[in-house]
Amino acid sequence: MKTPHLPAGGWSYTAPPSLTAVQKYWLFRPGALTAGLRQLGAMRLRVLAEYAEGARPDEALALHLAPGAAVWVREVLMSVDDVDSVVARSITPLAASRAMWQGMRRLRTRPLADMLYHDSSVRRSRFVCRRLAAPVPFHRTAAGVAGGSGAGSDARSGVMSAGSGAAAASHAITPLVLARRSVFWRMGQPLLVAEGFLPEFWQHARILHDSRLPLRGK
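Here the working numbering is used: the sequence shown runs in plain steps of one and ends on residue 236.
Encoded structure:
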C-alpha cells in the first residue's frame, strides 16, 4: 500500500470544532457512503459527467502525479428522498482507468462502492475534510448543482460553464458545502474520491438522526 496522501492546501485530517456532531459524523463515517445514505431514505445516483483532463495541482498531489498528467474524471450527484444531497468527484490516472480501475468506466448509475468494497486488495487512506471554496477543482461542480444550474451548463461535462452565473452560486454555497476525500489504492494505482455534502443534506440528515439514527465515531 502506498503512503496515505498528505493533505493539500485547505484539507485537514480533523474537522473544525465548530461543526455539529452530525456534520463530523458524516465527514468521517467509514465504509460506503451510499450505504449510509440508504439508511436515511431512498437513494438515487445520477451521472453528471465523465471525461479526461489534465490533473489539477491539488488533486495531482493527492494522486502522487505530476500536475497536468492525464486523468479520468467521473462526477455524480446522489439524492435522498429526491433531495439533492451529495456531489462526488472520482479521479484516477487515465491509464489506470483502462486497466486497474477500468471498472469505473462501466458503472453507469451504480455507485463506486460496487467495485471498492468487494475487493480485499483495495486499501483506503485516511479522510481529509474542508469547506469547499473556489480553488478546489470540484467546487465548480458543487456550485452548479446547488445553484440549480440547468441552463448554462457545459455540454461536455454537464456542469456550470464560466460566465453563466457560477460566481453567484459559488458565493451562495461556499459557507455551506463541506467535503471530504480519500484515496483508494489497488495494486499501486490510486483512485481519489471527493464527496461534497450539499446544504439541503444537513437538514435532512439532522432530522433523521434525531429521530432514529444514533451517532457513532467522530
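All C-beta atoms, glycine included, are put in the ideal place defined by N, C-alpha and C.
Everything numeric in this text was worked out from a predicted model, so none of it was measured.
Exercise. Does the Cβ of residue 136 have 16 or more other Cβ atoms within 10 Å, making it buried, or fewer, making it exposed?
Worked result: exposed
Exercise. Can you name the residues that DSSP bridges to residue 142?
Worked result: Note: residue 142 sits in a beta bridge opposite 202.
For this session: From the DSSP output, in three-state form, read off residue 219 for me.
Result: helix
For this session: Taking the CB atoms as reference points, tell me whether residue 147 and residue 36 lie closer together than 8 angstroms.
Result: no
Exercise. Within 10 angstroms of its Cβ, does residue 193 collect 16 or more other Cβ (buried), or is it exposed?
Worked result: With a pLDDT of only 46 at residue 193, under 50, the local geometry of the prediction cannot be trusted, and the value read off the model is given with reservation. So residue 193 counts as exposed.
Exercise. CB-CB under 6 angstroms to residue 209, same chain, minus the five flanking residues each way: which ones, in chain order?
Worked result: 110, 119 and 202
Exercise. From residue 63 to residue 132, what does the alpha carbon distance come to, in whole angstroms?
Worked result: 13 angstroms
For this session: Specify, as a first and last residue, the run of the alpha helix (DSSP H) that residue 37 falls within.
Result: From DSSP, residue 37 is part of no alpha helix (DSSP H); its letter is neither H nor E.
For this session: Kindly confirm or deny that the segment 59-74 and the segment 89-103 touch, where touching means at least three C-beta pairs closer than 8 angstroms.
Result: yes
For this session: Specify the secondary structure class of residue 163 as computed by DSSP and reduced to three states.
Result: helix
For this session: Helix, strand or coil for residue 80, going by three-state DSSP, please let me know.
Result: helix
For this session: With residue 55 as the anchor, note down where its alpha helix (DSSP H) starts and where it stops.
Result: Where residue 55 is concerned, the enclosing alpha helix (DSSP H) stretches over 51-58.
Problem set entry | Per-residue burial, residue 143 [other beta carbons within 10 Å of its own, 16 or more giving buried] | buried
For this session: Just list the beta strand (DSSP E) runs in the segment 102-150, keeping only unbroken ones of 3 residues or longer that don't cross its boundaries, in chain order.
Result: 146-149
For this session: Tell me whether residue 223 is buried or exposed, calling it buried when 16 or more other Cβ atoms sit within 10 Å of its Cβ.
Result: buried
Exercise. Which residues in the same chain as residue 44 place their Cβ atom closer than 7 angstroms to its Cβ, once the five residues preceding and following it in sequence are excluded?
Worked result: Same-chain partners within the cutoff: 215 and 223.
For this session: Using 10 angstroms around the beta-carbon of residue 159, count the other beta-carbons present and answer buried if the total reaches 16, otherwise exposed.
Result: buried
Exercise. Between which two residues does the beta strand (DSSP E) harbouring residue 66 extend?
Worked result: Where residue 66 is concerned, the enclosing beta strand (DSSP E) stretches over 61-72.
For this session: Output the boundary residues of the beta strand (DSSP E) element that contains residue 88.
Result: Boundaries of the beta strand (DSSP E) harbouring residue 88: 88-98, taken from the DSSP string.
Exercise. Where does residue 162 land, buried or exposed, given buried means 16+ other C-beta within 10 angstroms?
Worked result: Sixteen is the threshold: when 16 or more other Cβ atoms of the shown chains lie within 10 Å of the Cβ of residue 162, as they do, the residue is buried.
For this session: Tell me whether residue 194 sits in a helix, a strand or coil according to DSSP, three-state version.
Result: Of the three classes helix, strand and coil, the one that applies to residue 194 here is coil, per DSSP.
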